[in-house]
Amino acid sequence: MKKVLSIILGGGAGTRLYPLTKLRAKPAVPLAGKYRLIDIPVSNCINSEIFKIYVLTQFNSASLNRHLSRAYNFSGFSDGFVEVLAAQQTKDSPDWFQGTADAVRQYLWMIEEWDVEEVVILSGDHLYRMDYRLFVERHRETNADITLSVVPISEKNASEFGLMKVDASGRVVEFSEKPTGAALQSMRVDTTKLGLNAEQAAEKPYIASMGIYVFKKQVLVDLLKKSLEQTDFGKEIIPGASATHNIQAFLFDGYWEDIGTIESFYDANLALTQQPTPPFSFYDENAPIYTRSRHLPPTKLLDAQVTESMIGEGCIIKQCRIHHSVLGVRSRIMEGCVIEDSLIMGSDFYEPAPERKTQVETGGIPMGIGTNSTIRRAIIDKNARIGSNVMIINKEGIQEAQREELGYYIRSGIVVVLKNATIPNGTTI
């Protein structure tokens, strides 16, 4: 794997994840109480012995840069690195990144300098665990020019992905990017050939690209130099190369979630609390998920009732009830609170006791969740100040609302309180 270079795409503006992406890049969005989305592909690379890792970013990349520099610092005895390549304007490339392929193209000169045989291209906003060694081995065994990682999916979600058909040897013979209607129906295949049983094949009759690719280095260089007007791998570069290149499919049969919307992000986080076995586990000693080490104290529970929940380090939780929720690092929950089906992201820092006392005495609101507040089916972003006797329950059942001036949005019926927002005492949402 020393001959493999990894490129993680940081994604676009992340509008479907807004307001979580208001102040941060999509891969920097917090996950599971203590991680960030970018930790998933970086950890998969490290566990697969791929240590040359570039992360391409364009939007709000400051917090992502800070996280990567603090979390992944290889020793001086290794040539490994995790390095951010931000979008930049040059004489030859006066524009920002125009798409996934264009992002890689603008740093092609750097890729060409590396003595590597393959380039693995990954997405920065997926939740899954994969051994890329198996991916690369399949690529080499079939002498493929490009290998795509694919998953069988149901008709419900099929139109959101690039779909394909493969022949008996695993070679991709047809592409269709996010088809609908008759075009979607024409992409149905017999997925029993991928190893699914008849029942599973009936439920998942489509083969979708995960947006994860292995290229022969020279093939990648040639394709990007040849088609300068093509800016996207999934829509243009790979379908355009299918007639002249050996493109293979690699079946991934584990848990995989594309965290592209508020609803999918919310569902993926809360699914981690499932008992007895969540769909994705962070408790795998052989393939751990790494993140920044914060050296926080243990969480303190003071006469609290907690069921089916995950709680990060350094929290203080007093005389409250928490059910089916995920609490991030440094969360502070006061007496009488009820938190259900919610994601509380916690805080970036501790608010000292004298400062909290002053806030209360001067009519301010301390950081965290105030006394006797109820939160259901909500996402509370970092450093939020929720007052006492607040009800965040989407009382009117609204599906979509933009109340940024009041400190929150509603997306797919989920209330999202903005980072650093203040919700006054007695507010009902």
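Following this note's numbering, the numbering of the sequence shown begins with 658 at its first residue and continues without gaps.
Note that the Cβ used here is the ideal one computed from N, Cα and C, for glycine as well.
Span separating the alpha-carbon of residue i from that of residue j
i       : j       : result
Asn730  : Thr1019 : 44 Å
Ser866  : Val846  : 14 Å
Phe832  : Asn800  : 20 Å
Thr848  : Ser899  : 21 Å
Ala1058 : His981  : 25 Å
Tyr947  : Ala839  : 44 Å
Val661  : Pro933  : 37 Å
Val829  : Ile864  : 10 Å
Ser720  : Phe890  : 27 Å
Thr757  : Ser1004 : 32 Å
Gln715  : Ala1010 : 38 Å
Ser843  : Ala1078 : 48 Å
Gly987  : Ala1041 : The question names Gly, yet the displayed sequence has Arg at residue 987. Computed Cα separation, rounded: 12 Å.
Asp824  : Pro809  : 15 Å
Asn1082 : Glu992  : 14 Å
Ser732  : Pro935  : 34 Å
Asp696  : Ser950  : 12 Å
Phe937  : Tyr912  : 7 Å
Lys957  : Pro676  : 30 Å
Gln887  : Gly897  : 9 Å
Arg1060 : Phe922  : 20 Å
Counterpart residues of residue i in DSSP-defined beta bridges
i       : result
Arg1060 : Tyr1065
Phe738  : Lys709
Pro687  : Arg693
His828  : According to the sequence displayed, residue 828 carries Arg and not His. Arg828 pairs with Gln905.
Lys883  : For Lys883, which the question treats as bridged, DSSP gives no partner whatsoever.
Trp913  : Tyr785
Val1047 : Beta-bridge pairing links Val1047 to no other residue.
Val995  : Arg978 and Thr1031
Glu893  : According to DSSP, which records beta bridges pairwise, Glu893 is partnered with nothing at all.
Thr964  : His980
Glu834  : Gly819
Ile1086 : Partner(s): none; Ile1086 has no beta bridge.
Leu958  : Ile974
Selected residue, minimal CA-CA separation from residue i, among the options
i       : options                              : result
Cys994  : His783, Ser1045 and Lys709           : Ser1045
Ser999  : Thr672, Ile665 and Ala689            : Ala689
Ile1022 : Arg1034, Glu1008 and Ala1035         : Glu1008
His952  : Arg727, Pro687 and Ala682            : Arg727
Gly868  : Met821, Gln842 and Met844            : Met821
Ala744  : Gln755, Ser735 and Ser663            : Gln755
Gly827  : His796, Asp960 and Arg987            : His796
Gln962  : Ser718, Gly819 and Ile974            : Ile974
Gln1016 : Gly1003, Asp824, Arg1033 and Ile1043 : Ile1043
Asp910  : His783, Gly852 and Thr956            : Gly852
Ile916  : Ala855, Ile664, Leu674 and Met658    : Leu674
Leu765  : Val878, Ile979 and Asn1029           : Val878
Glu798  : Val1047, Val871 and His724           : Val871
Ile768  : His724, Lys709, Met1024 and Tyr692   : Lys709
Ser816  : Pro809, Glu834 and Ala825            : Glu834
Asp759  : Asp736, Arg693, Val983 and Glu893    : Glu893
Ser1030 : Arg693, Pro954 and Ile1049           : Ile1049
Pro698  : Leu725, Asn854 and Ser1069           : Leu725
Cys972  : Ile1026, Arg1060, Asp924 and Leu677  : Ile1026
Tyr692  : Asp960, Phe939, Gly1064 and Asp924   : Phe939
Val983  : Gly1064, Asp924, Gln1056 and Leu1063 : Asp924
Phe1006 : Ser735, Gln763, Arg1033 and Glu970   : Glu970
Proximity below 8 Å, CB of residue i to CB of residue j
i       : j       : result
Val1073 : Ile1086 : no
Lys874  : Val776  : yes
Cys977  : Ile990  : yes
Asp1038 : Lys1076 : yes
Ile1067 : Asn1051 : yes
Gly668  : Val712  : no
Asn701  : Arg786  : yes
Val761  : Ile664  : yes
Ile1001 : Gly985  : yes
Leu779  : Leu908  : no
Val741  : Asn722  : yes
Glu914  : Leu784  : yes
Thr930  : Ser966  : yes
Ser811  : Glu920  : no
Beta carbon proximity, residue i to chain C, threshold 8 Å
i      : result
Gly827 : You won't find chain C in this structure, because it holds only one protein chain.
How about the stretch 855-863 and the stretch 872-886: do they share at least three Cβ pairs that are nearer than 8 Å?
no
So, do the stretch 701-713 and the stretch 787-794 have three or more beta carbon pairs nearer to each other than 8 Å?
yes
Taking three-plus beta-carbon pairs below 8 Å as touching, is the stretch 792-808 in contact with the stretch 898-915?
yes
Touch test, the stretch 677-696 against the stretch 758-773, Cβ-Cβ under 8 Å, three pairs minimum:
no
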